[in-house]
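First up is the structure itself, then whatever we jot down about it.
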Amino acid sequence: MKALDELTFDNRFARLGDAFSTHVLPEPIAAPRLVVASPAAMALLDLDPAEAETPVFAELFGGHKLWAEAEPRAMVYSGHQFGSYNPQLGDGRGLLLGEVYNNAGEHWDLHLKGAGQTPYSRMGDGRAVLRSSIREFLASEALHALSIPTTRALCVIGSDTPVWREKQERAAMVLRLSPSHVRFGHFEFFYYTKRPEQQKELGEHVLAMHFPLCLEQPEPYLAMFREIVERNAELIAKWQAYGFCHGVMNTDNMSILGITFDFGPFAFLDDFDAHFICNHSDDQGRYSFSNQVPIGQWNLSALAQALTPFISVEALRETLGLYLPLFQAHYLDLMRRRLGLTTAEDDDQKLLEHLLQLMQNSGVDYSLFFRRLGDESPEQALARLRDDFVDIKGFDAWGELYIARVAREGEVDQEQRRTRMHAVNPLYILRNYLAQKAIDAAESGDYSEVRRLHAVLSNPFEEQPGMESYAERPPEWGKHLEISCSS
Ligand code: AMP
Ligand code: MG
């Protein structure tokens, strides 16, 4: 276990130089204090969890202090936002403080979000509010607990610094951890500004640091692109299987590692709704829940375009063609497991679509349905669940098909079935109204609810005594929260 001053830095991205990032110091926030820390994320740096309670922790992650070996940099990138190319992006309010490597030799970027203005701030104030920082923190750690690849969050630091959004709020910082902060938009930046040398330098850096096995392939860039396609297909399959809506899948918010990145007005589905739009400024529904699948491919083609200097168009096209079939295979595999099925049959896709249509028509709670389906034998579970459906006849017809399907798997021990299903069907998910309650309390200075919610969500598959209310369906007010995209 290490203390804060024992972290070891090796700032590889900073060493690429000024064409890739700019040296900027964090601007401190007033009266920094710990809102919440993740012991599991601290462990990634071998940090003693007790360090979070020290004054220096809040000073470091509130921008007041800096390690001598840190080299804070604002990265430059561009990207496609809502389908249109924006040449002028970059870290407008976040800084890569440096790269720390742990005892296992893994590198982690320390990125401080909300650290003040940079050359890429455009009209922005360089700040992040407490509300959005808490949401990013909770979502990162909750997704990780669901085994969904994501950046991690070490802590949120609150402050007295006022910031203006729709109303006056307080500034906060979130310390994000990721093996890399390179986005699709990094490659797009050097491609569209026609700087092939630097694009190559970036590509070689990314290959060496994050895709070393691809360097052993005859065409390393093609192997890397293939890997990125595969990882994104799997990531988005997981989002769809667990009802996670990212909300702003712009290419500057897509990680080259294929992990969930840059949290905005995200949401987990409460009632199942394929057309759900969690971002209130997304008028066209470009990033609606079901559109995440084709948008994943759209984003990969934007990356492919930026990689044309390295890879032939035919090879890119062929590799892009892998995305949909891979997505479908992963998604179906996950959903079979959620349904408690251990074998594969040709009609499983139809069985699933039939269920989702019934859930859609009746506004059935997406997460609880699967959890309850494993609670009891299929017959008993269906008898209880049917009350949630408006079209009871329709649901009974589906139930018959499901029971016949389960029967074809042979004898099943209900105890084992429950254990197997509960291990993939979470009881606790980060519902918007739960996040909102924790945010309301934190905004009035009480951080206990954020900490409790974080603890509950760190163990989402296991029933936690006394925490029953966190597993409930949202109250009516909690279903239709307008999540502001300002942050
Ligand atoms: P985001 O919506 O957080 O993914 O940000 C999109 C772009 O806007 C990125 O270049 C951010 O750095 C920048 N940005 C967002 N909010 C601010 C802010 N308050 N101040 C400066 N730049 C910002
Ligand atoms: Mg972003």
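Counting in my numbering, the sequence shown runs without a single skipped number right up to 764 at its last residue. The beta carbon of each residue, even a glycine, is placed where N, CA and C say it ideally should be. Computed from a predicted structure; not experimentally measured.
- Ligand 2 has no heavy atom closer than 7 Å to the beta-carbon of Asp559.
- DSSP places Ile434 in the strand class (E or B) of the three-state scheme.
- The C-alpha of Gln394 is placed about 12 Å away from the C-alpha of His300.
- Ala684 carries a helical assignment under DSSP once its states are collapsed to helix, strand and coil.
- Excluding residues up to 5 positions away in sequence, Ser457, Val459, Met501, Ile533 lie with their Cβ nearer than 8 Å to the Cβ of Val483 in the same chain.
- Judged by beta-carbon spacing, Leu423 lies within the 8 Å limit of Pro737, meaning their Cβ atoms are closer than that value.
- Here Gln394 carries a coil assignment [DSSP, helix/strand/coil].
- The bridge partners DSSP lists for His699 come to none.
- In this structure, Val727 lies near Val312, with their beta-carbon atoms less than 8 Å apart.
- Residue pairing for Ser361: DSSP places it in a beta bridge opposite Gln358.
- The straight-line gap separating the alpha-carbon atoms of Pro703 and Leu711 is approximately 15 Å.
- Leu420 places its beta carbon less than 8 Å from that of Phe521.
- Glu336 and Ser436 have their C-alpha atoms spaced approximately 11 Å apart.
- The beta carbon of Gly573 sits closer than 6 Å to those of Asn509, Ile513, all from its chain and outside the five residues before and after it, given in chain order.
- In this model, Ala345 and Leu577 are separated by some 38 Å (Cα to Cα).
- In the DSSP assignment, Trp385 is bridged to Val377.
- Rounded to whole angstroms, Lys670 and Arg663 show a C-alpha spacing of 9 Å.
- For His300, the uninterrupted beta strand (DSSP E) run begins and ends at 298 to 300, by DSSP.
- In this structure, the beta-carbon distance from Gln637 to Phe549 falls below 8 Å.
- With contact defined as three or more Cβ pairs closer than 8 Å, the region 536 to 546 and the region 404 to 416 are in contact.
- Contact annotation: the region 644 to 664 touches the region 693 to 702, with at least three C-beta pairs closer than 8 Å.
- At the C-beta level, Leu593 and Phe464 stay beyond 8 Å of one another.
- Relative to the Cα of Ala449, the nearest Cα in the group Gly369, Glu720, Ala684, Ala329 belongs to Glu720.
- DSSP places Lys342 outside both helix and strand once states are collapsed to three, so it counts as coil.
- In this structure, Leu324 is the residue among Gly371, Leu324, Pro332 with its C-alpha nearest to the C-alpha of Val377.
- Not one heavy atom of ligand 1 falls within 7 Å of the beta-carbon of Val727.
- A distance criterion of 7 Å places the beta-carbon of Gly598 beyond contact range of ligand 1, judged by its closest non-hydrogen atom.
- Rounded to the nearest angstrom, the gap between the Cα atoms of Ser409 and Glu591 is 42 Å.
- Judged by their CB atoms, Ala405 and Arg370 are nearer to each other than the 8 Å cut-off.
- The C-beta separation of Leu454 from Ile588 comes to about 30 Å, leaving the pair out of contact by the 8 Å criterion.
- Along the length of the region 288 to 339, whole alpha helix (DSSP H) runs at least 4 residues long occupy 316 to 321, 332 to 338, reported in chain order.
- Arg614 sits in a helix when the DSSP states are folded into three classes.
- The shortest CA-to-CA distance from Phe488 to any of Ser764, Leu633, Glu504, Gly356 is the one to Glu504.
- By the CB criterion at 8 Å, Ser355 and Gly480 fall outside the cutoff.
- At a threshold of 7 Å, Val451 does not count as near ligand 1, since its beta carbon sits no closer than that to any of the ligand's heavy atoms.
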